[in-house]
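Engineer:
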Amino acid sequence: MIPVQRVSGALVPSRTDLFGDPYPDEDVRVPIQLTVCVSFAEILGLLAYSGGLAITYGDLENDDFLRETLRFALVMSDQRAIEYGAARAMAVLDGASGTPAEFEFAVCLGAAVTRVFGVRA
């Protein structure tokens, strides 16, 4: 049996967008905190291949940036995209596909994922 987890929320005092930033033309939203369990491969894929992200080598040193970027990528991705990105990222990391530059970045990103999130390949 899977234990039921409660979703908690609280009323936001002002109009906000999806991420809690002020947005004057939006209806009032409530913050919802969820627990999501993701693997090393899924984090690597989300950070490397989610649309709208452009992580640089300099960004890899900023733990808060990587945490926030992962939150954004999770909100913007569905399960299929997460699984596809994980498989693609691991293929690059294993040297089975991609260019030498992609491999180098995947290794550096993987090291940052291990440092920030405590998971490894």
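So the sequence shown is residues 3 to 123, counted in my numbering. Note that beta-carbon positions come from the ideal geometry of N, C-alpha and C, so glycine has one too. These numbers were taken from a predicted model, which means no experiment stands behind them.
From this set, GLN81, SER79, SER52, which residue's C-alpha is nearest ALA91's C-alpha?
Structural biologist: SER52
Engineer: In whole angstroms, give me the CA-to-CA distance for ARG122 and VAL109.
Structural biologist: 11 Å
Engineer: If I measure Cβ to Cβ from ALA114 and keep anything under 7 Å in the same chain, skipping five residues before and after, which residues do I get?
Structural biologist: Correct list, in chain order: LEU62, LEU68.
Engineer: Can we say the region 70-89 touches the region 97-108, given the rule of at least three CB pairs closer than 8 Å?
Structural biologist: The region 70-89, when compared against the region 97-108, does not touch it at the 8 Å Cβ threshold.
Engineer: Relative to the alpha-carbon of PHE119, which residue among LEU46, PRO33, LEU36 has its alpha-carbon at the smallest distance?
Structural biologist: LEU46
Engineer: Are GLU70 and GLU44 touching if we call contact CB-CB under 9 Å?
Structural biologist: Their beta carbons are not under 9 Å apart, which means GLU70 does not touch GLU44 by this criterion.
Engineer: Could you have a look at ILE57 and say whether DSSP puts it in helix, strand or coil?
Structural biologist: Correct three-state label for ILE57: coil.
Engineer: Check CYS110 in the structure and name its three-state DSSP category.
Structural biologist: Note: CYS110 maps to helix in three-state DSSP.
Engineer: Let's see if you can read the secondary structure: which residues bound the alpha helix (DSSP H) around LEU48?
Structural biologist: 42-51
Engineer: Compute the beta-carbon to beta-carbon distance between ILE57 and LEU48, rounded to the nearest angstrom, for a pair I have assumed lies under 8 Å.
Structural biologist: That pair is no contact at about 11 Å.
Engineer: I need the boundaries of the alpha helix (DSSP H) containing LEU62, first residue and last residue.
Structural biologist: Per DSSP, LEU62 belongs to no alpha helix (DSSP H) and is neither H nor E.
Engineer: Which residue from ASP65, ASN64, ASP29, ALA75 puts its Cα closest to that of PHE38?
Structural biologist: The question names Phe, yet the displayed sequence has Val at residue 38. Out of ASP65, ASN64, ASP29, ALA75, ALA75 has the C-alpha closest to the C-alpha of VAL38.
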